[in-house]
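Q:
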């Protein structure tokens, strides 16, 4: 790799983003703002990398990525737990030192099945008459949701908005982080059908997240019951609650 390769690449990308924009091609105003910010950042990168040898350029890039990811993880942890970052002082007193796991791994979280949740095996998000989000699981019986990393054992609760195959709910199974599959119990709580399972997370975890896998056992289509809806669906998931159980 020749000297200044990263600087040249940053400069070229900055020039591309600085070109004339056709706002008709933008999905939202946020897209245009994002493009302008990327152009400015890339221009700054090009200046910082100018003249650096390849080894120094790569080291700079890795340090930059590590810094950005560390800050993102801290922000995510604060969002999940509702606490400020550990280095913030309050009322003139520094917050007590906390371990890496205490910062990044909450004890209890709730994940909404809305438009922005990271998931596979679900249809697009919909809204109830009161505005509550939910997603139908389908067309396959298998699905997955990205959830924050928690210590096990975990109590996992699926709050269902509706079920296409109610009699199959007792056969639903859950797995977290690639761990063993656990059976569920079915109960009615506060207008929701709630599926609860006690599971131990497996080793397939990242720094601050893991996957909740769902085997819904069976699907059905409203079309078989006189509806025009042709989708294969199991149940409509509104939100997921995960909680670390005390030893």
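In the numbering used here, the protein residues as written are 295 to 541. Even for Gly, the Cβ is constructed at its ideal location relative to N, Cα and C.
Please name the residue or residues paired with residue 505 in a DSSP beta bridge.
A: BP columns for residue 505 point to 440.
Q: Going straight from the alpha carbon of residue 377 to that of residue 402, what length do you get?
A: Residue confidence for residue 377 is low, a pLDDT of 47 falling below 50, so the modelled location carries little weight and cannot support an answer.
Q: Just grab the DSSP bridge partners of residue 530 for me.
A: Residue 530 pairs with 430 and 456.
Q: Taking 8 Å as the threshold, find out whether the stretch 476-487 comes into contact with the stretch 512-521 through three or more Cβ pairs.
A: The stretch 476-487 is not in contact with the stretch 512-521.
Q: Looking at the structure shown, is residue 301 part of a helix, part of a strand, or coil, going by DSSP?
A: Here residue 301 sits in helix by DSSP.
Q: Apply the 10 Å Cβ neighbour rule to residue 334 and answer buried if 16 or more other Cβ atoms are within range, or exposed otherwise.
A: The residue is exposed, with fewer than 16 neighbouring Cβ atoms inside 10 Å.
Q: Return yes when the Cβ of residue 492 is within less than 8 Å of the Cβ of residue 534, no when it is not.
A: Not a contact, by the Cβ cut-off of 8 Å.
Q: Could you pull out every residue in the same chain whose Cβ sits closer than 8 Å to the Cβ of residue 303, ignoring the five residues on either side in sequence?
A: For residue 303, where only same-chain residues beyond five positions count, there are no Cβ hits under 8 Å.
Q: By Cβ distance below 6 Å, which residues in the same chain neighbour residue 451 in space, the five residues on each side in sequence not counted?
A: Correct list, in chain order: 488, 490 and 535.
Q: Please state the DSSP three-state secondary structure of residue 535.
A: Residue state, collapsed to three classes: strand.
Q: Does DSSP put residue 282 in a helix, a strand or coil?
A: Coverage of the chain is limited to positions 295 through 541, which leaves residue 282 absent and any answer about it impossible.
Q: Which of the three DSSP states is assigned to residue 328 in this structure?
A: The answer is helix: DSSP assigns residue 328 an H, G or I state.
Q: Compute the distance between the beta-carbons of residue 404 and residue 416, then report whether it is under 8 Å.
A: Cβ distance not < 8 Å, so residue 404 and residue 416 don't count as in contact.
Q: I need the boundaries of the beta strand (DSSP E) containing residue 518, first residue and last residue.
A: Neither: residue 518 is in no beta strand (DSSP E) and is coded neither H nor E.
Q: Measure the alpha-carbon distance for residue 351 versus residue 357 and round it to whole angstroms.
A: If you take the alpha carbons of residue 351 and residue 357, they lie about 10 Å apart.
Q: Measure the alpha-carbon distance for residue 459 versus residue 465 and round it to whole angstroms.
A: Straight-line Cα distance between these residues: approximately 11 Å.
Q: If you reduce the DSSP assignment to three classes, tell me which class residue 479 lands in.
A: The answer is strand: DSSP assigns residue 479 an E or B state.
Q: Tell me whether residue 318 is buried or exposed, calling it buried when 16 or more other Cβ atoms sit within 10 Å of its Cβ.
A: Note on residue 318: pLDDT 48, under 50, position unreliable in the model; the coordinate value appears next. Residue 318 is exposed by the Cβ-count criterion.
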